[in-house]
Amino acid sequence: MPKTIVIVGAQFGDEGKGKIVDFLTEKADLIARYNGGNNAGHTVVVKNDVFKFHLIPSGIIHEGKLNVMGNGMVIDPKVVVSEIESLEKRGYDISEKNLIISQNAHIIKEKHVEEDELTGSKIGTTGRGIGPCYTDKAARKGLRMIDYIKEDNKYAKKIRPLVKDTSLIVSQYLEDEKNILFEGAQGTLLDIDHGTYPYVTSSNVVAGGACTGLGIGPTKIDAVIAVAKAYITRVGSGPLVTELGTEEETNKEDSINKLKRELGDQGLSFLKRKIINKVNEDDEYSQGRLLRLNGMEYGTTTGRPRRTGWFDALIARYSARINGLDAVAMTKLDVLSDFKKIKICTAYECKGKKSSEFTNNVEILKDCRPVYETLDGWCKDISKAKDFKELPENAQEYIRRIEELVKVPICIVSVGPGREQTIVLKKQFLF
Ligand code: IMP
Ligand code: MG
C-alpha cells in the first residue's frame, strides 16, 4: 500500500479531483497542493453541505490534517483570506496546525489580474492573473510570500502566521511515514509543457510537478492516480477532438443559474426529457448538452458552460504515459445513465490517416476526427450502487473496455457527488 499518492487530472481539469481527494483524505495526514492558483475550483459535498474551494486544499474540512499550499502555487492574498474567513464563519479554526503556505509561493498582484483580463481572452483564461504571475516568476521579478508578509496590510497580517518552509515540514511527514496526498490542480492536457500549447495553463500540472512544486524528490512518490471523467469536458479554447456540438454553440448557452431561474426545477426536467429524445436520435449537440445538464458542467470558478464530448482513450493513454499512472479513478459514470448508446474514441483520423497515439500538436489536432466504438448504455439509475457487482452489466462492460484501451487499472468509480457514492475496485492503490 502506498504512503504517498499524487492525484492528477487526466483530461482538461474539472475531472472531480476534489471529490476523490476528499475521499482519500480520510486516511491522509497531510494534503499538499503543488500548482496553479485560483483558476482552479473544487466542489466538495459532505452530507448536504456544499464547499467550494479555489486555493485551500479540501482536506481543511477534515479534522486533524495538515494542508499545504506549495511553492509551485501562485496565490492571490485576497482570495486566500476570503476562503479562510468563510471557513471561520462556518465554525472551522484555521491556524498553522491545519494550514501552511510556502514562503516561496508567488503572489498574484492586481496588475496580473488586469493584464490577464486584457490578454487572456484569446485562449479563454480564467482571468485570475495566473499567466502574468508565472511570467514574473520566470523573469525573476515576482513577489514571493516571504516578502509579501512583511507588508503592512490586513491580508499580509492574516496570512503571516501560516507562511513556512513547507518543503521542510513535508519532508518531516515523509520521514515519519505518514500518509500524504499530493494534489495537482487542472488537468494533464492543460500542462504548460505537455498540454495542447498554447491552450494551456502556466504551470506543470503533471505528476512530476509535485516534486518541483513542493520541494520533494521523485523517489518519495509511491503511487500516481489520475482522475478521469467517464466522458470529457474542456473550458476555454483549444482542440477537443471528441467534442459534441461546437464551441460556439456551447458558449451561446445560458448559465445554469439563468436556466434554473427561468425554468424552475420542473421546467428543467421537462427540458431534459426533450433533449433525451433527441439524444437517442443521435443528435450530437443534444448529446453534448445532456452531458452538460446531467453533469452540471458549468465552471466553479467562472460559471461558464463547459464544452463536452465522449471519452477519449487516446488522451487517457497519453495521460497514463506522461504521468506514469498506476491507476485511474473514474468519476461521473452516473451522468451517462440516460444514453441508449455510448461512444468511446479509440483512434483519430487525420487527413486520411488513422492514428491511435495522441499528439499535443494543435496544428495536427485541428484536422483530427474521432473514430468511435459504440457500446450499449444501461439506462438505469446507478447512483446508489455500492459495489462493482451492483452496477448494470453494460456499465461494468464500459469500465472494463476503458481499462483495456487505456491499459491502466481503474481503482475507483464514482457514481455521484456524495462521499458515499464512491465504489472502490482496487484497494491496493489506496492508503
Ligand atoms: P488560466 O489557467 O486562467 O491561465 O487559463 C488557461 C486555460 O486553462 C484556459 O483554457 C482555462 O479555461 C483553463 N483552466 C484553468 N484552470 C482550470 C481548471 O481548474 N479547470 C478547467 N480548466 C482550467
Ligand atoms: Mg474545477
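Position one of the sequence shown corresponds to residue 10 (our numbering), numbered consecutively onward.
Yeah, the Cβ is synthetic: ideal placement off N, Cα and C, and Gly gets one too.
Sorted by chain position, which residues of the same chain lie with C-beta nearer than 7 Å to residue i's C-beta, five sequence neighbours on each side aside?
i	result
residue 210	45, 48, 139, 195, 199, 201
residue 331	197, 203, 215
residue 301	314, 315, 317
residue 426	28, 54
Quick one: residues in its chain with C-beta nearer than 6 Å to the C-beta of residue i, no 5 flanking neighbours on either side, listed in chain order?
i	result
residue 334	233, 235, 417
residue 441	Outside the shown range of the chain, which is 10 to 440, sits residue 441, and nothing can be said about it.
residue 62	51
residue 65	92
Any heavy atom of the ligand IMP closer than 7 Å to the beta-carbon of residue i?
i	result
residue 135	yes
residue 47	no
residue 41	no
residue 182	no
residue 235	no
residue 241	no
residue 307	no
residue 296	no
residue 441	Residue numbering for the chain in the displayed model covers 10 to 440; residue 441 lies beyond these limits and cannot be assessed.
residue 122	no
residue 206	no
residue 60	no
residue 155	no
residue 195	yes
Round the Cβ separation of residue i and residue j to the nearest angstrom and send it over; I've been treating them as touching at under 8 Å.
i	j	result
residue 37	residue 68	7 Å
residue 446	residue 238	It is not possible to answer for residue 446, since the shown part of the chain is limited to 10 through 440.
residue 148	residue 157	Wrong, their Cβ atoms sit about 17 Å apart, outside the cutoff.
residue 384	residue 358	Not confirmed; about 20 Å, so no contact.
residue 77	residue 42	7 Å
residue 90	residue 167	5 Å
residue 256	residue 264	In fact, because the Cβ distance is near 16 Å, the residues do not count as touching under 8 Å.
Could you check where the alpha helix (DSSP H) with residue i kicks off and where it finishes?
i	result
residue 119	119 to 128
residue 47	Neither: residue 47 is in no alpha helix (DSSP H) and is coded neither H nor E.
residue 284	265 to 288
residue 156	154 to 157
Who are the Cβ neighbours of residue i in its own chain at under 8 Å, not counting the five residues just before and after it?
i	result
residue 292	none
residue 419	336, 337, 338, 339, 408, 411, 412, 434, 435
residue 241	20, 21, 249, 251, 317, 318, 319, 320, 321, 324
residue 109	75, 76, 77, 78, 171, 172, 173, 175, 178
Judging by CA-CA distance, which residue of the options is the nearest neighbour of residue i?
i	options	result
residue 11	102, 228, 126	228
residue 366	345, 393, 328	328
I'd like the span of the beta strand (DSSP E) that includes residue i, first residue to last.
i	result
residue 236	232 to 238
residue 145	Per DSSP, residue 145 belongs to no beta strand (DSSP E); it is in the alpha helix (DSSP H), 139 to 147.
residue 241	241 to 243
residue 357	350 to 359
residue 76	75 to 78
residue 58	58 to 62
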